[in-house]
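In this note's numbering, each number is its position in the sequence shown, counted from 1, plus 74. No residue lacks a Cβ here, since even glycine has one placed at the ideal position from N, Cα and C. Worksheet for the structure shown next.
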Amino acid sequence: MSQKKLSSSYGKLMLNTIVFAIGSFSSKVLVLLLVPIYQNHLTKGEQGKVDYLTMIANWMIPLATLTISEAIIRFGLDKAYDKKKVFSLGNLVIGTGMLLFGAVLGIVRLTGLADRWISGYTIMIFVYVLMSGLKTLYTNFVRAMEKVRMFAVSGIISTFFTLLFMVLFYLVLPESFLGEGTGIQKYLLCTILSDGITTVFVLIAARLWKYISFKDIDRELLQTMLQYSVPLIPAQLIWLVTNGSDSFMTAYYLGEDKNGILAAAYKIPNLVATVYMVFGQAWNMSAITENDSEDRDTFYEKVFDFNQSLLYILSAGCLLVAQPITNFWIGKPVRECVNYSPLLIYSTIFSCLTTFMGSIYLASKKTKRSMFTSMIAGVINVGVNILLIPKIGLYAPPISTVLSYVAVFFVRVFDSRKIVPFKINYRKMFISNIIVLIMTGILMMETDLWHHKLIYAVVLALFCAVFVINMDSISSLFFRFLPAKIAEKVTGLGQKKLTVISVAFVGFVGLNVLSKCVPLIIVLLAGFAFGIKIDAPKIFGFCGILGSLLVGIAAAPSLGGGLLLILSVVPIVKYRRKRYIAFGVLAFDIFIGTLISAVLGGFLFSVELLGLMVYYYKQIWEFILDYIEFGTLGPLDDLKKQTVGNKAAKKAQDGEDTDL
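This is the structure we're talking about:
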């Protein structure tokens with residue numbers, strides 16, 4: 075593969091990542107806003123029961139669908155296979171699997187074999203599995219058709235209706251509209267309805283009925299797809315058992331209240347997993363399409379290095395803010411979860427790296443290896459839980475999770491690199507892991523760093539160290555998410571200068587922490603006034619937002635929200651531009667969220683955001699394409715004109731050569 079082709083591979087990976095980010099932001103990150111809703115309307119016991127009911131449903135999905143959706147991606151992207159036949163066989167397999175699953179579930183209900191776990195929820199579990207299976211099948215096929223924009227839109231739709239039904243069921247409609255004590259049913263019903271609506275949307279928008287035909291069943295292709303997907307059933311089940319055994323064994327040994335605390339401990343680690351999932355979806359597509367390329371090993375090496383650096387920075391960042399997020403977002407009833415979330419955050423590094431290595435098995439169609447390596451995780455996780463939960467309580471599940479993911483990662487590093495022998499920077503991996511482990515240990519020993527601010531400064535210094543070590547590998551992100559001039563200055567500093575700046579920064583932060591940020595707030599407000607005076611939006615915008623945030627943290631959230639609203643009025647009055655009015659509306663949402671309810675503010679923002687994305691979807695898509703091609707947030711007009719001119723000149727030259 076030429077250098078030009080290699081560059082286009084990275085461009086396509088980045089394009090898919092950005093588009094999936096739009097869909098995943100709406101379908102995953104915004105859904106995190108729902109946590110306060112059901113935590114305020116469900117007891118800790120009900121939260122624990124919701125957790126293991128969804129786990130049971132997720133265990134059933136691979137069995138009922140034969141994981142055929144994974145084959146849809148693999149064979150749908152492969153140009154050697156007919157997409158219509160692939161999709162038709164996928165529907166056939168899921169239809170047959172759901173009929174068998176319904177029959178088995180009926181027998182289980184009649185005999186009472188699983189009454190302890192699913193009594194009263196059998197029908198809902200069946201519908202949950204059906205809707206989830208169909209949604210995954212249809213959205214995966216849309217990805218296989220490389221209609222990533224439609225995939226992103228489906229995520230937005232799923233989010234909107236999840237938010238809508240959550241608000242309706244818990245906040246608007248009478249509490250007894252489904253009967254007394256139906257909080258768990260409402261939670262499950264929200265997911266079922268949103269999945270169903272999303273499935274119907276994708277079916278109609280992509281006209282998927284045109285790809286369904288059962289007249290001529292290709293038995294050879296069916297056998298090939300099943301040979302690929304069936305070994306993934308135990309692999310997926312083992313991973314689900316690895317994750318779900320924590321919940322079930324905690325409920326069994328310690329009770330559903332403790333399981334509710336464990337479920338809360340997973341909320342912050344899921345932030346890392348959610349962000350990685352955005353990249354992982356795009357990476358799986360690239361791994362398949364680049365599987366036969368000449369420079370495949372180089373491609374894997376660079377992407378893996380970027381991948382691990384991003385994970386270390388994300389995990390260290392989550393450790394840095396874990397306790398404040400728990401205090402303001404998850405709530406006091408389950409604050410005990412801060413004892414266990416640091417280890418779970420650390421485990422996500424190896425969980426995501428293991429997923430990355432597993433993509434090699436999927437791309438090369440060696441899914442049996444995925445199954446065998448996954449068994450290691452299941453055995454370690456279940457075994458450690460059985461041994462340690464009765465002895466050390468809730469510390470056992472995080473420990474078992476870390477051990478299982480670390481073991482499988484190194485097994486897959488050894489095994490999968492026989493297929494794709496790319497290089498790994500073990501030195502950087504070792505140093506980054508040591509620093510993140512030290513951060514984890516500090517947070518586990520001291521669960522209230524707000525009253526030990528100097529220790530918090532140490533944690534901040536460790537985060538800066540992780541960032542400095544891994545900055546070079548993610549430098550491309552600076553050019554993607556910062557103006558070009560700032561990105562060039564940051565990446566041009568080098569590790570030594572950046573280290574000195576980091577030390578000075580930590581010292582300055584320590585000084586402000588001891589004085590409750592008063593000096594910094596004064597400086598930022600002065601910067602806001604200066605930015606307004608010289609008409610510098612970047613200066614007064616940054617200073618106003620950060621100053622309001624600090625007031626909210628140091629004094630009260632409502633004061634910070636009120637200050638932000640007041641400051642947002644100044645540029646509206648002075649400049650009267652649309653972007654300042656839009657920011658003023660956002661500031662109003664934040665103020666409502668801090669004054670009345672975070673759920674209400676988040677809901678207002680999500681509805682407004684959805685409306686803007688629908689109204690400006692053409693401009694958004696054009697911006698994304700420009701962003702991928704030119705890689706800058708700065709003005710593109712001159713660069714675009716130059717590129718178009720070069721293309722026109724080349725076309726004219728080609729025409730002259732042809733005439734000659």
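Query raised in the report: Is any heavy atom of the ligand NAD found at a distance shorter than 6 Å from the C-beta of Leu394?
Result: The ligand NAD is absent from the structure shown, which contains no ligands of any kind.
Requested in this report: Answer with buried or exposed for Arg281, where buried requires no fewer than 16 other C-beta atoms within 10 angstroms of its C-beta.
Outcome: exposed
Query raised in the report: Candidates Trp283, Thr422, Val203 and Ser162: which alpha carbon is nearest Arg293's?
Result: Ser162
Query - Rounded C-alpha distance that separates Ser206 from Leu262 - result: 12 Å
Query raised in the report: Can you find at least 3 beta carbon pairs, one from the region 447 to 466 and one from the region 502 to 509, that sit closer than 8 Å?
Result: no
Query raised in the report: If you run the structure through DSSP and keep just helix, strand and coil, what is Tyr690?
Result: coil
Report task. Would you mind sorting Phe555 into buried or exposed? The rule is 16 or more other CB atoms within 10 Å of its CB. Result -> Annotation note: pLDDT 47 at Phe555 (below 50); position unreliable, coordinate value reported separately. By the 10 Å Cβ count, Phe555 comes out exposed.
Query - C-beta contact flag for Gly295 and Ala218 at 7 Å - result: Looking at the sequence itself, residue 295 is Leu, so the reference to Gly does not match. It is not a contact, given that the beta carbons lie outside the stated cut-off.
Query - Cβ neighbour criterion (16 or more within 10 Å) applied to Glu254 - result: exposed
Query raised in the report: If we ignore side chains and look at the alpha-carbon of each, how far apart do Pro416 and Phe430 end up?
Result: 22 Å
Query raised in the report: Hey, is the region 379 to 399 in contact with the region 435 to 451, meaning 3+ C-beta pairs nearer than 8 Å?
Result: no
Requested in this report: Please determine if the region 498 to 507 and the region 457 to 472 are in contact, where contact requires at least 3 C-beta pairs separated by less than 8 Å.
Outcome: no
Query raised in the report: CB-CB under 7 Å to Pro495, same chain, minus the five flanking residues each way: which ones, in chain order?
Result: Asp371
Requested in this report: Kindly indicate which residue of Val227, Leu277 and Leu669 has the alpha-carbon position closest to the one of Tyr691.
Outcome: Val227
Query raised in the report: The alpha helix (DSSP H) spanning Cys617 covers which residue range?
Result: Pro611 to Ala628
Report task. Please name the residue in Thr210, Tyr327 and Leu427 whose C-alpha comes closest to that of Pro464. Result -> Tyr327
Query raised in the report: If you draw a straight line from the alpha carbon of Lys157 to that of Gly176, how long is it in whole angstroms?
Result: 28 Å
Report task. Under 8 Å Cβ to Cβ from Ile460, same chain only, skipping five residues before and after it: list those, please. Result -> Met323
Query raised in the report: Closest by CA to Ile231, which one among Ile271, Leu211, Lys153 and Leu140?
Result: Ile271
Query raised in the report: Thinking just about the alpha-carbon of each residue, which of Thr128, Phe234, Leu173 and Ala145 is nearest to the one in Ile192?
Result: Thr128
Query raised in the report: Do you know offhand how far Lys612's Cα is from Phe657's?
Result: 13 Å
Requested in this report: Could you work out which residue in Pro343, Thr141 and Asp331 is closest to Thr170 when comparing CA atoms only?
Outcome: Thr141
Report task. Can you give me the Cβ contacts of Cys591 inside the same chain, cut-off strictly under 6 Å, excluding the 5 residues immediately before and after it? Result -> Leu624 and Ala628
Query - Rounded separation between Leu166 and Ile664 - CA only - result: 48 Å
Query raised in the report: In three-state DSSP terms, what is Leu674?
Result: helix
**Report entry** Minimum C-alpha distance to Leu49 - residue among Thr422, Arg409 and Cys411
**Finding:** Limits of the chain in this structure are 75 at one end and 734 at the other, which puts residue 49 out of reach.
**Report entry** Presumed contact (8 Å Cβ cut-off) between Ile342 and Cys392, rounded CB distance
**Finding:** 6 Å
Report task. State buried or exposed for Arg651, treating a residue as buried only when at least 16 other CB atoms are found within 10 Å of its CB. Result -> exposed
Query raised in the report: Hey, would you say Thr233 sits closer than 7 Å to Cys264, going by beta carbons?
Result: no
Requested in this report: Measuring only between beta-carbons, confirm whether Ile278 sits less than 7 Å from chain C.
Outcome: Included in the structure is just one protein chain, with no chain C present.
Report task. State the start and end residues of the unbroken alpha helix (DSSP H) segment that holds Pro495. Result -> Here Pro495 belongs to no alpha helix (DSSP H), and DSSP marks it neither H nor E.
Query raised in the report: Helix, strand or coil: which one does DSSP assign to Tyr195?
Result: coil
Query raised in the report: Can you name the start and end residues of the alpha helix (DSSP H) that Arg293 belongs to?
Result: Arg293 to Ser303
Query raised in the report: Helix or strand or just coil, what does DSSP make of Phe602?
Result: helix
Requested in this report: Determine the extent of the alpha helix (DSSP H) in which Tyr386 is found, giving its start and end residues.
Outcome: Arg370 to Ile399
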